[in-house]
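Everything below concerns the one structure shown next.
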Amino acid sequence: MKIYYVTLNNTDEARQIGRALLECKLAVCVNWFPITCAYSWQGEITEEPEVVLIIKTQDGYALEIEKLIQEHITYTNFIAEISPTAVNQGFVNWLNAEVSPRSQ
Amino acid sequence: MKIYYVTLNNTDEARQIGRALLECKLAVCVNWFPITCAYSWQGEITEEPEVVLIIKTQDGYALEIEKLIQEHITYTNFIAEISPTAVNQGFVNWLNAEVSPRSQ
Amino acid sequence: MKIYYVTLNNTDEARQIGRALLECKLAVCVNWFPITCAYSWQGEITEEPEVVLIIKTQDGYALEIEKLIQEHITYTNFIAEISPTAVNQGFVNWLNAEVSPRSQ
Chain W
1 MKIYYVTLNN
11 TDEARQIGRA
21 LLECKLAVCV
31 NWFPITCAYS
41 WQGEITEEPE
51 VVLIIKTQDG
61 YALEIEKLIQ
71 EHITYTNFIA
81 EISPTAVNQG
91 FVNWLNAEVS
101 PRSQ
Chain Z
1 MKIYYVTLNN
11 TDEARQIGRA
21 LLECKLAVCV
31 NWFPITCAYS
41 WQGEITEEPE
51 VVLIIKTQDG
61 YALEIEKLIQ
71 EHITYTNFIA
81 EISPTAVNQG
91 FVNWLNAEVS
101 PRSQ
Chain C
1 MKIYYVTLNN
11 TDEARQIGRA
21 LLECKLAVCV
31 NWFPITCAYS
41 WQGEITEEPE
51 VVLIIKTQDG
61 YALEIEKLIQ
71 EHITYTNFIA
81 EISPTAVNQG
91 FVNWLNAEVS
101 PRSQ
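The listed protein sequences derive, respectively, from chains W, Z and C. Per the UniProt record's numbering, residue 1 is the first one in the first sequence, and the count goes up by one each step. Per the UniProt record's numbering, residue 1 is the first one in the second sequence, and the count goes up by one each step. Per the UniProt record's numbering, residue 1 is the first one in the third sequence, and the count goes up by one each step.
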């Protein structure tokens with residue numbers, strides 16, 4: 001399975017995108033939490049509150065997840081795919097029941 | 001070394017499981033923080049507060065860690081093993097002093 | 001690209017180190033958030049507030065990042081390098097514009 005670490009501007013966006021992913025069967029579970037973000041853009045450093053959205057899903061859904069996120073926001077965010085080296089079998093069973101396994 | 005990303009229902013569980021892992025020499029350090037979780041279960045979306053527990057340990061402890069977690073909870077949670085591609089030597093020395101290295 | 005998961009004692013350290021990494025062009029973006037940490041040290045378990053700093057940068061900057069962190073703190077912390085298996089192209093373009101790509 002895959003984990004996606006996604007940054008968004010606020011909790012409303014995280015909730016809206018997270019729930020849309022669940023409704024579209026693109027994820028089985030999402031987590032979000034507030035962070036502070038600092039970044040460089042054209043020589044200036046900006047610091048502002050943001051939210052991390054963690055998405056848990058099957059392999060093979062990266063393009064659809066990125067497309068859905070981009071439909072909800074108008075800025076360049078961060079979408080990193082993390083591939084765990086193991087996951088507990090109980091979670092895998094739940095994931096398989098809720099999100100169709102797919103060859104990539 | 002390995003990192004485990006574990007979701008639990010609340011801070012009391014994270015503290016209890018985290019301290020039990022340290023007492024049993026199954027981890028050198030644990031971190032926890034509150035999140036919001038949304039998930040699909042039999043066609044319904046549920047949203048509720050949860051807690052992430054990050055476990056830092058040697059290779060080869062996955063089964064014992066999962067067993068200890070399951071002894072503390074009665075629901076199916078998420079236990080993902082993340083394998084860092086590098087870790088600072090100071091931390092590795094501390095880890096080796098507190099948790100026995102083990103071949104898998 | 002690489003993600004670093006770094007633990008620090010407090011938000012002031014995370015902000016100071018995060019901004020120094022951006023100013024030195026060693027990262028394009030950093031995130032930080034508060035956690036609770038419990039750890040073993042010489043048979044005793046200690047629990048205290050800490051802060052996680054997430055650093056997003058190019059490959060090949062690990063040594064300089066670790067050196068900069070160590071110049072700001074006097075204790076042994078945790079610096080884990082995570083290698084995502086994919087990242088959205090928009091972020092990669094931004095990263096390439098702000099931090100020089102480098103062969104390792």
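For glycine and all other residues, C-beta sits at the position ideal for the given N, C-alpha and C. A quick note: this is a predicted structure, and the numbers were derived from the prediction, not measured.
Item                                                                                                                                                                      : Value
Compare the Cα-Cα distances from W/L95 to each of Z/Q42, Z/E13, Z/I17 and report the closest residue.                                                                     : Z/Q42
Which parts of the stretch 47–82 of chain Z are runs of the alpha helix (DSSP H), unbroken and 4 residues or longer, counting only runs that do not cross its ends?       : 62–72
With distance defined between alpha-carbon atoms, name the residue in Z/K67, Z/P101, Z/V87 nearest to W/N88.                                                              : Z/K67
W/A14 lies in the alpha helix (DSSP H); which residues open and close that run?                                                                                           : 11–23
Output needed for C/W83: all residues of its chain with C-beta closer than 7 angstroms, excluding positions within five of it in sequence on either side, in chain order. : This sequence places Ser at residue 83 of chain C; Trp is not what is there. Cβ neighbours of C/S83 beyond the five flanking positions: K2.
Check the Cβ-Cβ distances between W/F78 and every residue of chain Z, and say whether any is below 8 angstroms.                                                           : no
Taking the continuous alpha helix (DSSP H) assigned at C/A97, which residues delimit it?                                                                                  : 89–98
Strictly under 8 angstroms for the Cβ-Cβ distance: is Z/G18 near chain C by that measure?                                                                                 : yes
Check whether the stretch 33–42 of chain Z and the stretch 29–47 of chain W are in contact - that is, three or more C-beta pairs closer than 8 angstroms.                 : yes
Shorter than 8 angstroms from the beta carbon of C/C24 to some beta carbon of chain W?                                                                                    : no
Against chain W, with Cβ distances strictly below 8 angstroms, would C/T85 count as a contact?                                                                            : yes
To the nearest angstrom, how far is the alpha carbon of C/D59 from that of C/Y4?                                                                                          : 11 angstroms
Please report the distance separating the alpha-carbon of Z/P49 from that of W/E23.                                                                                       : 19 angstroms
Quick one: using the 10 Å Cβ neighbour count with 16 as the cut-off for buried, is C/L53 buried or exposed?                                                               : buried
Using CA atoms only, rank isn't needed, just tell me which of W/A97, W/L8, W/E98, W/R19 is closest to Z/E47.                                                              : W/R19
Using a Cβ-Cβ distance cut-off of 8 angstroms, determine whether W/A38 contacts chain C.                                                                                  : yes
Please determine, among Z/T7, Z/P101, Z/G90, the residue with the shortest C-alpha to C-alpha distance to C/N75.                                                          : It should be noted that the sequence gives Tyr, not Asn, for residue 75 of chain C. For the residues Z/T7, Z/P101, Z/G90, the minimum Cα distance to C/Y75 belongs to Z/G90.
Can you list, in chain order, the residues of its chain whose CB lies under 7 angstroms from that of W/E64, leaving out five sequence neighbours each side?               : L26
Beta strand (DSSP E) containing W/L26: first to last residue?                                                                                                             : It is not in any beta strand (DSSP E) - W/L26 carries neither H nor E in the DSSP assignment.
Going by the DSSP bridge assignment, what does C/S40 pair with across the sheet?                                                                                          : C/I45
Contact criterion: CB-CB distance below 8 angstroms. Does C/I82 meet it with respect to chain W?                                                                          : yes
Tell me which residues share the same chain as Z/I79 and place their Cβ nearer than 7 angstroms to its Cβ, disregarding the 5 neighbours each side in the sequence.       : Y4, V6, E66, I69
DSSP three-state label for Z/T85, please.                                                                                                                                 : coil
Tell me whether Z/P101 sits in a helix, a strand or coil according to DSSP, three-state version.                                                                          : coil
Would you mind telling me which residues of chain W sit closer than 7 angstroms to C/W94, beta carbon to beta carbon, in chain order?                                     : T76
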